[in-house]
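S.K.: Its first residue numbered 336, the sequence shown is counted upward by one per residue in the working numbering.
What follows is a single structure, and I will ask about it in a moment.
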Amino acid sequence: MNVVDVLALKWDDPDHTILGGSVKTSDLGVIPICIHANYDTEVGRQIWADAHLGKYGPIFDYREPEALPEPVPDDISRRQFFQQLFVLEIISKAEALTAIPGLNIPPPLQAIIDQLPTQSDRDSAEMLVVGAQNFNRLHPLSETVRLSLGWSVEQKDDFWQEASKL
């Protein structure tokens, strides 16, 4: 490999022990590099030494990668589900407390179920809401509730995310 130029070097770690960047070669074109002090090739060791002498200009500082957003859980417990509905003032505290053990379906949720197209759909939804120990974000009834509440997909995800923290 014949290096023609070294392009935009940056530290790849906070301790400044690994350099990353690109090199332009006469035979391979521009290729990425990742080198350290005791690199296993003469070319790598030479680039390391020259970089420390400033031959290629400034070495850009290490930047901590941006944190990835927390994944949205697929399932939340029935307590988390009804407690979050209470937090958002969609149902009352009394409605949440009786819905958690499966003693009733809160009226706002029952109103959504009542809009389902068939009696079979309504019966299945009621049995799910009363009997489920967990609620799945990807279940079709969750989507029906989302649409009925006028929520975006992001708002539904936020609901599940916040409920999972309760």
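Yeah, the Cβ is synthetic: ideal placement off N, Cα and C, and Gly gets one too.
#1: How would you label valine 339, buried or exposed, when you count the other beta carbons within 10 angstroms and need 16 or more for buried?
#2: Could you spell out where the alpha helix (DSSP H) holding phenylalanine 416 opens and where it closes?
#3: Please report the straight-line C-alpha distance between threonine 376 and tryptophan 383, rounded to a whole angstrom.
#4: Would you give the residue range spanned by the alpha helix (DSSP H) that lysine 491 belongs to?
#5: Bridge partners of isoleucine 366, per DSSP?
#6: In the DSSP assignment, find the beta strand (DSSP E) that holds aspartate 340 and state where it starts and stops.
#7: Starting from asparagine 469 and walking both ways along the beta strand (DSSP E), at which residues does that stretch end?
#8: By DSSP's criteria, aspartate 410 is part of a beta bridge. Which residues make up the other side?
#9: Check whether the region 385-396 touches the region 342-358, counting contact only when three or more Cβ pairs, one atom from each stretch, lie closer than 8 Å.
#10: Across which residues does DSSP place isoleucine 353 in a beta bridge pair?
#11: So which of Phe395, Ser361 and Arg472 has the shortest CA-CA distance to asparagine 337?
#12: Suppose contacts are defined by Cβ-Cβ distances below 8 Å. Is isoleucine 448 in contact with alanine 434 by that definition?
#13: Taking 8 Å as the threshold, find out whether the region 408-417 comes into contact with the region 468-488 through three or more Cβ pairs.
#14: Kindly give me the distance between the Cβ atoms of isoleucine 370 and leucine 354, rounded to whole angstroms, as I take these residues to be in contact under 8 Å.
#15: If contacts are defined as beta-carbon pairs under 8 Å, then proline 436 and tyrosine 397 qualify, I think. What distance do you get, rounded to the angstrom?
#16: Please confirm whether leucine 476 and leucine 463 have their CB atoms less than 8 Å apart.
M.R.: So, to answer that:
#1: Residue 339 sits at position 4 when you count from the first residue of the sequence shown. So valine 339 ends up on the exposed side.
#2: Numbered from its first residue, the sequence shown carries residue 416 at position 81. Counting along the chain, the alpha helix (DSSP H) containing phenylalanine 416 begins and ends at 413-422.
#3: Along the sequence shown, one-based indexing puts residue 376 at 41. Along the sequence shown, one-based indexing puts residue 383 at 48. One C-alpha to the other measures close to 11 Å.
#4: For the purposes of this step, residue 491 is taken as residue 156 along the sequence shown, with counting starting at 1. Per DSSP, lysine 491 is one residue of the alpha helix (DSSP H) stretching across 488-499.
#5: Stepping through the sequence shown from its first residue, residue 366 is reached at position 31. In DSSP, isoleucine 366 forms a bridge with Val358.
#6: As a working mapping, residue 340 is identified with position 5 in the sequence shown. That run of the beta strand (DSSP E) goes 338-346.
#7: As a working note, residue 469 is residue 134 in the sequence shown. Counting along the chain, the beta strand (DSSP E) containing asparagine 469 begins and ends at 469-471.
#8: Position 75 of the sequence shown, counted from the start, is the residue given in the question as residue 410. According to DSSP, which records beta bridges pairwise, aspartate 410 is partnered with Asn471.
#9: Using a Cβ-Cβ distance cut-off of 8 Å, the region 385-396 and the region 342-358 are in contact, since at least three pairs of beta carbons, one from each stretch, lie closer than that value.
#10: By one-based count along the sequence shown, residue 353 stands at place 18. Note: isoleucine 353 sits in a beta bridge opposite His371.
#11: Here the question's residue 337 lines up with position 2 in the sequence shown. Ranking Phe395, Ser361 and Arg472 by Cα distance to asparagine 337 puts Ser361 first.
#12: Here residue 448 corresponds to residue number 113 of the sequence shown, with the count starting at 1. Here residue 434 corresponds to residue number 99 of the sequence shown, with the count starting at 1. Going by beta carbons, isoleucine 448 and alanine 434 fall outside the 8 Å limit.
#13: Yes: the two stretches touch, three or more of their Cβ pairs being nearer than 8 Å.
#14: Along the sequence shown, one-based indexing puts residue 370 at 35. Along the sequence shown, one-based indexing puts residue 354 at 19. The Cβ separation is near 5 Å, so the contact holds.
#15: Position 101 of the sequence shown, counted from the first residue, corresponds to residue 436. Position 62 of the sequence shown, counted from the first residue, corresponds to residue 397. The Cβ separation is near 52 Å, so there is no contact.
#16: Here residue 476 is taken as the residue at index 141 of the sequence shown, counted from 1. Here residue 463 is taken as the residue at index 128 of the sequence shown, counted from 1. By the CB criterion at 8 Å, leucine 476 and leucine 463 fall inside the cutoff.
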